[in-house]
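Taking our numbering, I'd label the letters of the sequence shown as residues 5 to 241.
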Amino acid sequence: MLRLRLPTVPRVSMSEIDDLNVIVTRKRIKHCYIKIDRENGDVCVSAPVRTSEKTVRELVRSKAEWIKSRQAALAVSSQNQQFTFEDGELHKVWGNEVPLVNTSEFGKRGVHRLKNTLVLNAPVGSTVDIKERLLLSWYAQEVKMAATGIIHKWEPALGVKVGRLAVQKMKSKWGSCNVENGNIRLNSELAKFPEAALEHVVVHEMVHLLEPSHSKRFYSLMDQFLPNWKAMKALTS
5 MLRLRLPTVP
15 RVSMSEIDDL
25 NVIVTRKRIK
35 HCYIKIDREN
45 GDVCVSAPVR
55 TSEKTVRELV
65 RSKAEWIKSR
75 QAALAVSSQN
85 QQFTFEDGEL
95 HKVWGNEVPL
105 VNTSEFGKRG
115 VHRLKNTLVL
125 NAPVGSTVDI
135 KERLLLSWYA
145 QEVKMAATGI
155 IHKWEPALGV
165 KVGRLAVQKM
175 KSKWGSCNVE
185 NGNIRLNSEL
195 AKFPEAALEH
205 VVVHEMVHLL
215 EPSHSKRFYS
225 LMDQFLPNWK
235 AMKALTS
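Here it is, written out as structure tokens:
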């Protein structure tokens, strides 16, 4: 007798794993996948039907660093979308909220910091997109200047040499390191957090020049050179 095979309905469950809201969907697939909901930051796991709860927990914990980094980046991105760049609007600069002032007469076009004020110099009638690009460019300059000093401080301590330093807005990472050429790339959004957060990211990437993977040795080196790195990392959470 020919039996009609009905499609398997995905089973959805919710759980909390180490303070993370996790939505698990079990369906007819071969491998597990993780993504972050762009709307609310929830962790969404797609897993084969017979995947155990223990396996899901181990997977989420193994990806905890990526998950938190992605959630933080999405949170910053969400904040950016709300800006109108009107006078008095507050923008984060190195962990502090600084009021913005618009002008079309102050020196070179771009963003300048005068004491506790951000002066955005742009032609009259400039769109929000133009103003946002000017601010992002300034953030990148701030991160590059601060990170250069941090690198010079830590190169002799770690016994490594950084190649090229690049700064740009990144969607899902605070930083990355090419262990083959020593180049480091940083997220310009780091200029919104206390400088200790930037130092943690820079040292993290530099330690990869000693240990490429996130192994026990890697975290042992972090503990050795930067004992309070966990507290510094929490500044971007």
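Don't be surprised by glycine CBs; every beta carbon is placed ideally from N, CA and C.
Extract the residue ranges of the alpha helix (DSSP H) inside the stretch 55-127, only unbroken runs of 4 or more that lie entirely within it.
57-66 and 68-84
Distance, P103 Cα to P216 Cα: On the sequence shown, position 212 is the one that residue 216 refers to. On the sequence shown, position 99 is the one that residue 103 refers to. Roughly 41 Å separates the two Cα atoms.
Check your understanding: Going by C-alpha distance, which of R117, V166, G163 and V128 is nearest W142?
Key -> Mapped onto the sequence shown, residue 142 falls at position 138. Selected option, being the one with the closest Cα: R117.
What does V171 pair with, by DSSP beta-bridge criteria? Numbered from its first residue, the sequence shown carries residue 171 at position 167. Its beta-bridge partners are L190.
Apart from the five residues just before and just after D227, which ones in its own chain have a Cβ nearer than 7 Å to its Cβ? Within the sequence shown, residue 227 is the residue found at index 223, counting from 1. Closer than 7 Å at the Cβ level, and outside the excluded window around D227, lies no residue.
From S108, D22, K196 and I155, pick the residue whose C-alpha is nearest to that of K173; which is it? As a working mapping, residue 173 is identified with position 169 in the sequence shown. Of S108, D22, K196 and I155, the residue nearest in Cα terms is K196.
Does the pairing of the stretch 187-196 with the stretch 156-165 give three or more beta-carbon distances under 8 Å? no
- Task: Going by DSSP, name the residue or residues bridged to K39.
- Result: Here the question's residue 39 lines up with position 35 in the sequence shown. Paired residues: C48.
So does the stretch 85-94 actually touch the stretch 40-56, counting three or more Cβ pairs closer than 8 Å?
-> no
So what does DSSP say about E146, is it helix, strand or coil? For the purposes of this step, residue 146 is taken as residue 142 along the sequence shown, with counting starting at 1. It is helical.
Query raised in the report: Alpha carbon to alpha carbon, what distance is there between D41 and G114?
Result: Taking the sequence shown and counting its residues from 1, the one referred to as residue 114 is at position 110. Taking the sequence shown and counting its residues from 1, the one referred to as residue 41 is at position 37. Roughly 34 Å between the two C-alpha positions.
Output the boundary residues of the alpha helix (DSSP H) element that contains S224. Here residue 224 corresponds to residue number 220 of the sequence shown, with the count starting at 1. Segment K220 to F229, the alpha helix (DSSP H) holding S224.
Note to self: Would the stretch 94-101 count as touching the stretch 127-138 if we require 3 or more Cβ pairs under 8 Å?
What the structure shows: no
Specify the secondary structure class of K177 as computed by DSSP and reduced to three states. In the sequence shown, counting from the first residue as 1, residue 177 sits at position 173. Residue state, collapsed to three classes: coil.
Suppose you measure from the CA of E161 to the CA of V183; what does that come to, to the nearest Å?
Taking the first residue of the sequence shown as position 1, residue 161 is located at position 157. Taking the first residue of the sequence shown as position 1, residue 183 is located at position 179. The identity of residue 161 in the sequence shown is Ala, whereas the question assumes Glu. Cα to Cα, A161 sits roughly 18 Å from V183.
Practice task
Give a yes or no on whether the C-beta atoms belonging to V16 and I27 are separated by under 8 Å.
Solution key: Within the sequence shown, residue 16 is the residue found at index 12, counting from 1. Within the sequence shown, residue 27 is the residue found at index 23, counting from 1. Yes. Within cutoff.
List the whole-angstrom C-beta distance separating A77 from S176, where the pair is believed to meet the contact cut-off of C-beta under 8 Å.
The sequence position of residue 77 within the sequence shown is 73, counting from 1. The sequence position of residue 176 within the sequence shown is 172, counting from 1. Their Cβ separation, rounded to whole angstroms, is 5 Å, which keeps A77 and S176 in contact under 8 Å.
**Prompt:** Under 8 Å between the Cβ atoms of A170 and N187?
**Reply:** The residue labelled residue 170 in the question sits at position 166 within the sequence shown. The residue labelled residue 187 in the question sits at position 183 within the sequence shown. Closer than 8 Å, so yes.
Once you ignore the five residues that flank M210 on each side, which residues in its own chain have a CB closer than 8 Å to its CB? The residue labelled residue 210 in the question sits at position 206 within the sequence shown. The answer, listed in chain order, is I155, W158, E159, L162, V164, V166, C181 and I188.
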